[in-house]
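See structure below.
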Amino acid sequence: AVEKLVQGAESGCPSEREKQVVLNCTRILTRILPYIFEDQDWRGFFWSTVPGAGRAGVDEADEEDDGARPLAESLLLAIADLLFCPDFTVHSHRRGGPDSAEDMQSLDSCEYIWEAGVGFAQSPPLNYIHDLNRTELLRLLLTCFSEAMYLPPASDGNVLNPWVTFFCSTENRHTLPLFTSLLNVVCAYDPVGYGIPYNHLLFSDYREQLVEQAVQILIVTLEHESGHAHRAPSPTSMDEQDCAGPHNLFVNYLSRIHREEDYDFVLKGLARLLSNPLTQTYLPNSTKKIQFHQELLVLFWKLCDFNKKFLFFVLKSSDVLDILVPILYYLNDARADQSRVGLMHIGVFILLLLSGERNFGVRLNKPYSLHVPMDIPVFTGTHADLLIVVFHKIITSGHQRLQPLFDCLLTIVVNVSPYLKSLSMVAANKLLHLLEAFSTGWFLFSAAQNHHLVFFLLEAFNNIIQYQFDGNCNLVYAIIRKRSVFHQLANLPTDSASIQKALQRKKKSPDTISRTNSQETVSMEGSRPAVPAEPGTLKASLVAMPGIDKLTEKSQVSEDGTMVAVPQTDSPGSPEHGPVAGASDTESNSGRDSEDVFYTEAEMARRRLSSASSAVTYWNPTPEWVLSWKSKLPLQTIMRLLQVLVPQVEKICIDKGLTDESEILKFLQHGTLVGLLPVPHPILIRKYQANAGTAVWFRTYMWGVVYLRNVDPPIWYDTDVRLFEIQRM
């Protein structure tokens with residue numbers, strides 16, 4: 001079959017029969033490869049040189065290696081050639097009969113890029129046959145790359161995929177046009193078509209299948225070359241090419257995109273596709289809804305990761321909100337569905353990455369006027385309010401397995417807090433409700449890390465009071481109304497008896513966080529509630545995520561707005577590395593010594609401290625431990641604010657016999673605390689930083705998505721994949 005593909009790539013498949021042979025061989029290989037990868041004894045088969053399997057018909061001049069190429073290389077180069085084969089996968093530029101077959105060897109594939117966009121101006125005529133043929137070849141290519149699924153997750157994150165390494169190397173003369181074609185096809189795609197309702201029910205959209213395969217190829221090929229030392233032995237001698245930039249040319253090209261109009265094309269394309277499932281029409285089911293948003297999120301992540309200028313471009317204008325709103329929609333929609341834990345993680349990681357940049361916080365002040373139907377309380381306010389309301393919903397009504405994300409969610413809130421000009425009453429109440437829930441004795445004492453959540457919330461309040469007091473009368477009012485919560489925290493009991501009593505209380509009410517909220521309002525019109533996965537849904541397991549202290553590094557914002565990295569100390573001063581006695585053996589990803597240990601999900605579930613019974617067996621909070629962090633609670637600013645404002649507000653209420661909020665808000669709005677508060681603290685931003693743990697997580701998640709999106713027709717289904725487990729809900 002490989003030989004037939006090589007022949008087709010050389011002849012250019014002038015006849016219909018040859019085209020059919022190539023397609024048949026493509027399908028056979030796509031079907032068989034997974035079974036070869038599954039069997040360890042066969043794994044080296046493609047990379048060993050087969051005697052006499054040289055590329056027949058190539059001039060003697062090219063035959064330095066006596067014509068013996070490993071089968072994998074012949075296959076990959078043939079696929080690359082066939083993806084730019086006139087009249088088969090690209091539009092022919094020649095007029096005239098089959099006798100003027102364009103010579104495949106001399107063909108300049110840069111003239112045959114599939115779609116206009118980055119680096120290419122002409123949009124070739126649409127041809128659904130070409131789209132179908134490209135899709136078949138890309139599916140085979142994806143299958144070649146999928147050998148990664150049959151290797152167990154490596155904890156060092158340094159295993160390069162030899163198929164990807166070779167395909168994206170200088171050996172493949174089509175890397176540039178192919179990378180450009182894939183990116184442009186994805187970003188130029190408009191699923192709504194020509195605006196005719198129900199058009200997706202009338203005719204099949206071949207472009208959609210091509211776009212799906214293209215985005216999957218992109219996310220799989222754009223891989224980190226973290227450790228060259230650990231590179232899987234690639235048969236070609238790539239070592240002497242220590243040229244500038246990454247060896248992986250796809251990564252290289254991606255990192256070198258720099259024109260503003262290219263950034264604009266990519267960002268607008270991704271935003272259009274990510275927003276597609278949110279579009280509302282009056283005719284039910286009349287517009288096409290795409291299903292590949294998870295791949296798009298991974299692609300967006302990789303764009304920001306490999307091309308920092310793209311990240312700054314995204315944050316330069318309010319276009320970033322066109323990415324934010326769909327992400328918040330997906331997070332809110334998936335919060336009750338355990339099969340979509342991976343989607344929750346990637347959405348939160350993207351927001352964590354964005355929140356490390358000042359511009360993101362500033363952009364959030366833009367009023368939110370869209371009416372995307374979401375199962376959240378109705379509010380009037382900004383994008384910051386939307387973010388807080390959705391995060392509150394995830395924390396209070398998501399499923400148990402989302403608890404490890406709480407740190408990340410609150411870190412995002414802290415990162416943006418110094419820039420939030422005016423929170424709505426709804427959002428302010430949500431933040432205080434979270435503080436109320438997290439500062440109950442049983443929650444604080446029941447796990448080694450829980451008090452961090454209170455530290456994060458207090459830090460966010462302090463940032464807003466110190467840096468954005470003027471516009472935030474709603475939050476100040478909410479803090480005054482809930483002042484008892486702060487007093488309780490300041491007077492948290494630290495003796496053994498009280499600690500045990502608080503933990504007993506937990507046994508009676510095992511619910512993690514109080515689900516009742518003083519003013520839970522009606523949800524938005526037209527929204528559907530978030531629902532758990534249907535029974536029988538397949539899901540792929542994930543590896544454990546590193547803790548927030550591994551995921552981020554601290555930067556301090558100086559007077560002129562620039563950021564200075566804060567040296568990592570293990571001093572007890574910072575809440576993250578507090579003197580957590582015995583934490584390392586209770587929480588798999590908190591202790592320093594377990595830094596590079598990865599657990600399967602089952603193991604994580606066993607270790608997670610959710611039920612009271614495990615809290616008793618694993619974790620014994622001592623008075624010394626409670627004191628060690630209680631003394632560091634940053635309550636000074638809020639206590640001073642309460643000390644100054646509460647008597648004044650009470651006086652107004654008594655003098656004017658007021659029960660009306662608006663008068664008090666008016667008073668707070670015009671008041672000032674200048675000179676009354678402690679000296680403002682420096683703003684601390686926790687910026688996302690990549691590490692081995694996140695690299696492994698991303699690879700596992702990405703392949704899990706690719707596996708599950710190719711179940712019908714199946715490519716890998718029922719084979720013995722080792723990178724993750726497939727579970728039925």
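Heads up, the sequence shown stops at 729 in UniProt numbering, and the numbers go up one at a time, no gaps.
Glycine included, C-beta positions come from ideal geometry on N, C-alpha and C.
Hey, quick one: how far does the alpha helix (DSSP H) through residue i stretch, first residue to last?
i	result
K656	636-656
Y206	206-221
residue 731	In the structure as shown, the chain starts at 1 and stops at 729, and residue 731 therefore has no counterpart that could be examined.
R256	249-256
K19	16-38
G8	2-11
N415	406-416
N491	Taken as a continuous stretch (DSSP letters only), N491 belongs to no alpha helix (DSSP H), as it is neither H nor E.
S275	260-275
H670	661-670
R481	473-481
Check whether the Cβ atoms of residue i and residue j sit closer than 8 angstroms, and answer yes or no.
i	j	result
L249	Y189	no
P373	S527	yes
L364	T382	yes
residue 744	H345	The chain is shown only over 1 to 729; residue 744 falls outside these bounds and no answer can be derived.
H451	L458	no
V185	L299	no
N463	M425	no
L402	L538	no
L218	L182	yes
I388	K421	no
I376	S275	no
L677	Y477	no
L331	I394	yes
L254	F306	yes
A502	W619	no
L297	G347	yes
G536	M729	yes
A336	H399	yes
V118	I257	yes
L82	V2	no
E223	N161	yes
S109	F84	yes
M545	G693	yes
G704	A540	yes
P634	T494	no
I499	P621	yes
L551	M149	no
T135	Q20	no
L77	F46	no
Q338	P532	yes
V220	V706	yes
Y329	Y206	no
Return the bridge partner residues of residue i from the DSSP annotation.
i	result
M563	V557
A540	I726
F120	G117
T382	P367
T49	P70
T552	Y688
V90	P86
S523	P377
Stretch-stretch touch, CB-based, cutoff 8 angstroms, three pairs: the segment 553-564 with the segment 398-415
No, the segment 553-564 is not in contact with the segment 398-415.
**Item:** Complete runs of the alpha helix (DSSP H) confined to the segment 437-466 [at least 4 residues]
**Value:** As for any alpha helix (DSSP H) of minimum length 4 sitting wholly inside the segment 437-466, the runs are 441-445, ordered along the chain.
Quiz item: Can we say the segment 18-35 touches the segment 134-149, given the rule of at least three CB pairs closer than 8 angstroms?
Solution: With a cut-off of 8 angstroms, the segment 134-149 and the segment 18-35 count as touching, because enough Cβ pairs lie within range.
Secondary structure, alpha helix (DSSP H): runs of 4+ residues fully inside the segment 682-714
Listed in chain order, the alpha helix (DSSP H) elements of length 4 or more contained wholly in the segment 682-714 are 692-709.
Would you be able to state if there are at least three C-beta pairs under 8 angstroms between the segment 679-695 and the segment 547-558? Segment contact: the segment 547-558 against the segment 679-695, three or more CB-CB distances shorter than 8 angstroms; contact assigned.
Whole alpha helix (DSSP H) runs in the segment 126-184 with 4 or more residues, listed along the chain?
128-145, 162-167, all fully within the segment 126-184.
Can you confirm whether the segment 169-186 touches the segment 711-718 when touching is taken to mean that 3 or more C-beta pairs between the two stretches lie within less than 8 angstroms?
No, they do not touch.
Does the segment 265-272 come close enough to the segment 313-330 that 3 or more CB-CB pairs lie under 8 angstroms?
-> The segment 313-330 makes contact with the segment 265-272, as at least three CB pairs between them are under 8 angstroms.
Query raised in the report: Which runs of the beta strand (DSSP E) spanning at least 3 residues fall entirely within the segment 305-343, listed in chain order?
Result: Those beta strand (DSSP E) runs which fall completely within the segment 305-343 and span 3+ residues do not exist here.
- If we count Cβ pairs, one from each stretch, closer than 8 angstroms, do we get three or more for the segment 101-110 versus the segment 23-32? In short, these stretches do not touch, since the Cβ pair count stays below three.
- Task: Could you tell me whether the segment 487-502 touches the segment 630-641, using the rule of 3 or more Cβ pairs below 8 angstroms?
- Result: The segment 487-502 vs the segment 630-641: in contact.
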